[in-house]
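Enquirer: Chains as they are written, first to last, in the working numbering: chain A, 1 to 293; chain B, 1 to 293.
Don't be surprised by glycine CBs; every beta carbon is placed ideally from N, CA and C.
If you scroll down you'll find the structure; I have some questions about it.
There are 2 protein chains.
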Amino acid sequence: MRRLTGALAAAAALLAAAPATAQTRPDSDQPWREFQWLYGSAEGAATSRQAFNALRAFAVIQAERWRMGEPVVQRVLAPGATLDRPAFESCGDKKPAVVFDIDETLLLNTGAEYWAAAKQQSYEQSRAFDKDAWAKWEKDGAKLVDPVPGAVEAVDTLRKADIAVIFNSNRSAASMQETAEALAHAGLGVAEPGKTLFLDSAGDGKKDGRRATIAETWCVVAMAGDQLGDFSDLFNAKENGRLPVVKRRQAMGSPMLARMWGQGWFLLPNPVYGKGAEGDFNEIFPKNRWKPH
Amino acid sequence: MRRLTGALAAAAALLAAAPATAQTRPDSDQPWREFQWLYGSAEGAATSRQAFNALRAFAVIQAERWRMGEPVVQRVLAPGATLDRPAFESCGDKKPAVVFDIDETLLLNTGAEYWAAAKQQSYEQSRAFDKDAWAKWEKDGAKLVDPVPGAVEAVDTLRKADIAVIFNSNRSAASMQETAEALAHAGLGVAEPGKTLFLDSAGDGKKDGRRATIAETWCVVAMAGDQLGDFSDLFNAKENGRLPVVKRRQAMGSPMLARMWGQGWFLLPNPVYGKGAEGDFNEIFPKNRWKPH
Chain A
1 MRRLTGALAA AAALLAAAPA TAQTRPDSDQ PWREFQWLYG SAEGAATSRQ
51 AFNALRAFAV IQAERWRMGE PVVQRVLAPG ATLDRPAFES CGDKKPAVVF
101 DIDETLLLNT GAEYWAAAKQ QSYEQSRAFD KDAWAKWEKD GAKLVDPVPG
151 AVEAVDTLRK ADIAVIFNSN RSAASMQETA EALAHAGLGV AEPGKTLFLD
201 SAGDGKKDGR RATIAETWCV VAMAGDQLGD FSDLFNAKEN GRLPVVKRRQ
251 AMGSPMLARM WGQGWFLLPN PVYGKGAEGD FNEIFPKNRW KPH
Chain B
1 MRRLTGALAA AAALLAAAPA TAQTRPDSDQ PWREFQWLYG SAEGAATSRQ
51 AFNALRAFAV IQAERWRMGE PVVQRVLAPG ATLDRPAFES CGDKKPAVVF
101 DIDETLLLNT GAEYWAAAKQ QSYEQSRAFD KDAWAKWEKD GAKLVDPVPG
151 AVEAVDTLRK ADIAVIFNSN RSAASMQETA EALAHAGLGV AEPGKTLFLD
201 SAGDGKKDGR RATIAETWCV VAMAGDQLGD FSDLFNAKEN GRLPVVKRRQ
251 AMGSPMLARM WGQGWFLLPN PVYGKGAEGD FNEIFPKNRW KPH
C-alpha cells in the first residue's frame, strides 16, 4: 500500500516532539531490523514465497471448480457485509481473476526504501511517510524495483491457468503509465489502465469502490496484499480518531476472519510501513511485562 | 529460535562502537516497528494465521494419504542431502507427526520482548541477545507468554487428526519443565521430555541431530519455524565467519527450495530477532539506490 496521511501526521507529530539528536544512526552500517528482514533475508523471502505458493494453488483450484460448473463465491466482501457478518456473493458466470495490491505485495520498492532506511538518518524520519518524496518515486522509480520473491512465478501460473491478473493500488492515478512500467520491469507482465490496472484517482486511500467495480466483471477468487485495507476498507475504520490496534488484532481470531487467511485472502508480510506498524506500548505489550532480576 | 551467540557478538561489537547517546529512545511511547508488527498488529496476526491454516490443511492431507497407504516422504532432509540436492526418505509405516519450533513459532515471548523493546532503552541493546537474561526468562517466563495467533487451533486440529505434535527447540535442556509449563500455559497441551519435547543439551544451537532422532520414530509430514535453522542446519552455514546474507536469500529461488514453503515447510514471520535480522547496507540494498531530487 501507499502510506496514508494519518500515519504521516502521527509521525510528524512524533518527530516534532523528539530531541533532534535522538534516533540518528549515521554511524551504523546496518539498516533497521525490519528492513533487513523484508528486503534482505532468506526468512523474509521464504515467507513471501509461502504466501504465493498458497495463493496459486488455491486460485487454480477455485478456477477449476468454476470451470466444472461448481458454485464459487467472490472473495470481495458483498455490499453491506460487515467484519462481524462477512458475506460473499456468488460468481455466476463471471470469469476467474485474482486481485493484487502492488507495493510490497508484488513490488519491493528497494530504491525508495533504501532512502527511507539510510538517507533519512533518524528512526522517526524513516517512520514518517514523505508524501512529496513518494510522489516523485512513483514517477521515476519504475526501473528501481524488484519483484517480491515468488510474485513472478505466481502471476505466471495464474495467467497460464487462464485466470486474470488484476492490480488495485493506492498509487496515484496520475502515475498510471509509470506504475505499468514498474510492473513490466519487475517481470509481472502487462497492466492495462481501467482493465487490469486500477489506481487511486480520489486520493482517499480507499479501495472498496474499485474492488466493487472489478467484481462486477470478474469472479475474484483471491486477493493479495500487505495491509488489511487490501481486503476491505472496513479494517481501516478508526475509533476516536485512531486505529483501534488491539481490537483490530483480536478481530483476526473471529471464526470467519481467521479462516480467510490463506483461503481467499493472502497476506504478504510488511513490518516496514503501514497500519501494521502503529501502536504504543500499552497497545503492543498490554500485559506479561517482565524484566530480568 | 533462541538467539545465537554469533548475533550477540556482532551486536556487542556494534554497541561498543556506537556513541552512548545514539539510538536511545526514552522519549518514545512507541515500540520499534518490527515489535509493533509482530506482537501487536492485525497484519502480523493474519500472517501467522495464514501459515497455520496452510500447515494444518497440508498435514491432514498428508496424514490421510499415509493412512490410505500412499507413499509419503519425510519433510526432514535425508542424511547426506544438501540444499543444492535436497532429498527426502520414504516414511514407510511410521506414524504422522508435525515438528514445531517453539519461540516465536508457537509462543510469543511477550514478557521478554517487552523488556527488549522498552527496558533496554537503546536500539543496539534491543538488538543484542542477552544470554543471561534469556536463561532467566526460560526459567520464570512460563506464565508470561502468549500463543502465536492460530497456533492453538492448528495444534488442536493435528491432534484430533491423530497427528503427533512434536516440539524441537534450542531452549536449554535445563529448562525442560519450565518450557513444558509455558506450552501448557499458552494452550498448546502436553509436551513430554524425550518423547514430544526435545531441547538443546549440547548448547550448540543445532537441530539436525534431534530432527534425525524424531524421524527415526515418526513420519514428519511438516515442520514449522521462524528461522531457516528450524528446517535444516545447512541454512546456517557461514562463509568467512559470516552468514552469507545475499546468497542465502537467493537460494530461496531454487526450484526445490522455493517449492517447500507452504508445502511441508511452514515459516512463521519474525522480523524482531534471529538470522533474518542481519546484514549491512551493501547486503540488504545492493542496488536500486535512489533519493528524491
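Anything in the segment 62-91 of chain A with a Cβ closer than 7 Å to a Cβ of chain B? List those residues in chain order, please.
Expert: Per Cβ criterion, the list is empty.
Enquirer: Put V73(A) into one of helix, strand or coil per three-state DSSP.
Expert: Working through the first sequence from its first residue, we reach residue 73(A) at position 73. Strand.
Enquirer: What are the start and end residues of each continuous beta strand (DSSP E) run of 3 or more residues lying completely inside the segment 74-134 of chain B, in chain order?
Expert: List check, beta strand (DSSP E) in window: 95-100.
Enquirer: Let me confirm a value: N282(A) is counted as buried when at least 16 other C-beta atoms fall within 10 Å, else exposed. Which label applies?
Expert: Within the first sequence, numbered from 1, the residue matching residue 282(A) stands at position 282. Under this definition N282(A) is an exposed residue.
Enquirer: For the beta strand (DSSP E) that A277(B) lies in, which residues bound it at each end?
Expert: Working through the second sequence from its first residue, we reach residue 277(B) at position 277. No beta strand (DSSP E) holds A277(B); DSSP gives it neither H nor E.
Enquirer: Once you ignore the five residues that flank P286(B) on each side, which residues in its own chain have a CB closer than 7 Å to its CB?
Expert: Locating residue 286(B) in the second sequence gives position 286, where the first residue counts as 1. Only V246 meet the Cβ criterion.
Enquirer: Cβ closer than 8 Å: which chain B residues qualify as neighbours of L267(A)?
Expert: Within the first sequence, numbered from 1, the residue matching residue 267(A) stands at position 267. Going along chain B in sequence order, the residues near L267(A) (Cβ under 8 Å) are E43, A46, T47 and Q50.
Enquirer: Tell me whether L267(A), by its Cβ, gets closer than 7 Å to a heavy atom of the ligand MN.
Expert: The ligand MN is not part of the structure shown, which contains no ligands of any sort.
Enquirer: Is the segment 47-67 of chain A close to the segment 153-173 of chain A, with three or more CB pairs under 8 Å?
Expert: With the cut-off at 8 Å, the segment 47-67 of chain A and the segment 153-173 of chain A touch.
Enquirer: Compare the C-beta of G40(A) with all C-beta atoms of chain B and state if any pair is closer than 8 Å.
Expert: On the first sequence, position 40 is the one that residue 40(A) refers to. So, interface residue.
Enquirer: Which residue's Cα is closest to the Cα of A127(A): A42(A), R289(A) and P271(A)?
Expert: By 1-based counting over the first sequence, the position of residue 127(A) is 127. A quick correction: the sequence has Arg, not Ala, at residue 127(A). When each option's Cα is compared against that of R127(A), the closest is P271(A).
Enquirer: Hey, is the segment 102-120 of chain A in contact with the segment 181-189 of chain A, meaning 3+ C-beta pairs nearer than 8 Å?
Expert: The segment 102-120 of chain A vs the segment 181-189 of chain A: in contact.
Enquirer: Less than 8 Å between the C-beta atoms of A182(A) and W290(B), yes or no?
Expert: Taking the first residue of the first sequence as 1, we reach residue 182(A) at position 182. Taking the first residue of the second sequence as 1, we reach residue 290(B) at position 290. Taking 8 Å as the Cβ cut-off, A182(A) and W290(B) do not qualify as a contacting pair.
Enquirer: Does the segment 212-232 of chain A touch the segment 69-84 of chain A, meaning 3 or more C-beta pairs lie closer than 8 Å?
Expert: As far as the Cβ criterion goes, the segment 69-84 of chain A touches the segment 212-232 of chain A, which means the pair count is three or higher.
Enquirer: What three-state label does DSSP hand S172(A) in the structure shown?
Expert: Counted from its first residue, the first sequence places residue 172(A) at position 172. It is a strand residue.
Enquirer: Should A186(A) be flagged as near chain B, meaning a C-beta pair shorter than 8 Å?
Expert: Counting from 1 along the first sequence, the entry for residue 186(A) is found at position 186. By this cut-off, A186(A) is not an interface position.
Enquirer: Are the segment 124-139 of chain A and the segment 171-182 of chain A in contact at 8 Å, needing three or more beta carbon pairs?
Expert: These segments touch.
Enquirer: What number of angstroms, rounded off, separates the C-alpha of G274(B) from the C-alpha of Q227(B)?
Expert: As a working note, residue 274(B) is residue 274 in the second sequence. As a working note, residue 227(B) is residue 227 in the second sequence. Distance between the alpha carbons of G274(B) and Q227(B): 7 Å.
Enquirer: My output table needs one value for L228(B): the three-state DSSP class, helix, strand or coil.
Expert: Start at 1 with the first residue of the second sequence, and residue 228(B) comes out as number 228. In the structure shown, L228(B) sits in a helix (DSSP, three-state: H, G or I).
Enquirer: So, is the C-beta of R248(B) closer than 8 Å to a C-beta in chain A?
Expert: What you label residue 248(B) is simply residue 248 of the second sequence in a count that begins at 1. Output row for R248(B): interface = yes.
Enquirer: Per DSSP, I166(A) forms a beta bridge with which residues?
Expert: In the first sequence, residue 166(A) corresponds to position 166, counting from 1. V99(A), per the DSSP bridge assignment.
Enquirer: Is it true that the segment 45-58 of chain A meets the segment 262-269 of chain A, where meeting means three or more beta-carbon pairs spaced less than 8 Å apart?
Expert: The segment 45-58 of chain A vs the segment 262-269 of chain A: in contact.
Enquirer: Per DSSP, what kind of secondary structure is P286(A) in: helix, strand or coil?
Expert: Start at 1 with the first residue of the first sequence, and residue 286(A) comes out as number 286. P286(A) falls in the coil class under three-state DSSP.
Enquirer: Compare the C-beta of V221(A) with all C-beta atoms of chain B and state if any pair is closer than 8 Å.
Expert: By 1-based counting over the first sequence, the position of residue 221(A) is 221. It does not: the Cβ of V221(A) has no partner Cβ on chain B nearer than 8 Å.
Enquirer: From the DSSP output, in three-state form, read off A202(A) for me.
Expert: Numbered from 1 along the first sequence, position 202 holds the residue referred to as residue 202(A). Here A202(A) sits in coil by DSSP.
Enquirer: Under a CB-based cut-off of 8 Å, is F35(A) close to chain B?
Expert: By 1-based counting over the first sequence, the position of residue 35(A) is 35. Closer than 8 Å to some Cβ of chain B, the Cβ of F35(A) qualifies, so yes.
Enquirer: Which runs of the beta strand (DSSP E), 3 residues or longer, sit entirely within the segment 239-268 of chain A?
Expert: List check, beta strand (DSSP E) in window: 265-267.
Enquirer: Could you run through the segment 111-123 of chain A and flag, in chain order, every residue whose CB is less than 9 Å away from some CB of chain B?
Expert: Cβ contacts with chain B come from G111, A112, E113, Y114, W115, A117, A118, K119 and Y123.
Enquirer: Can you name the residues that DSSP bridges to D146(A)?
Expert: Position 146 of the first sequence, counted from the first residue, corresponds to residue 146(A). Partner(s): L108(A).
Enquirer: In chain B, what lies closer than 7 Å to P193(A) by C-beta?
Expert: As a working mapping, residue 193(A) is identified with position 193 in the first sequence. What P193(A) touches in chain B: nothing, since even the nearest Cβ is about 24 Å away.
Enquirer: Can you list, in chain order, the residues of the segment 273-291 of chain B whose Cβ is nearer than 9 Å to any Cβ on chain A?
Expert: Against chain A - using a Cβ distance shorter than 9 Å - the residues of the segment 273-291 of chain B are Y273, G274, K275, G276, A277, E278, G279, D280, F281, N282, E283, I284, F285, P286, K287, N288, R289, W290 and K291.
Enquirer: Please state if the CB of L83(B) and the CB of A234(B) are separated by a distance shorter than 8 Å.
Expert: Taking the first residue of the second sequence as position 1, residue 234(B) is located at position 234. Taking the first residue of the second sequence as position 1, residue 83(B) is located at position 83. Rather than Ala, the amino acid found at residue 234(B) in this sequence is Leu. Cβ atoms of L234(B) and L83(B): closer than 8 Å.
Enquirer: CB D101(B) to CB D230(B), shorter than 8 Å?
Expert: Locating residue 101(B) in the second sequence gives position 101, where the first residue counts as 1. Locating residue 230(B) in the second sequence gives position 230, where the first residue counts as 1. Yes; because the gap between Cβ atoms is below 8 Å, this pair is in contact.
Enquirer: If I measure Cβ to Cβ from P71(A) and keep anything under 7 Å in the same chain, skipping five residues before and after, which residues do I get?
Expert: The sequence position of residue 71(A) within the first sequence is 71, counting from 1. S90.
Enquirer: Starting from E153(A), follow the alpha helix (DSSP H) in both directions and report where the run begins and ends.
Expert: One-based indexing of the first sequence puts residue 153(A) at position 153. E153(A) -> alpha helix (DSSP H) spans A151 to K160.
Enquirer: For R186(A), which three-state DSSP category applies?
Expert: Taking the first residue of the first sequence as 1, we reach residue 186(A) at position 186. The displayed chain sequence assigns Ala, not Arg, to residue 186(A). Residue state, collapsed to three classes: coil.
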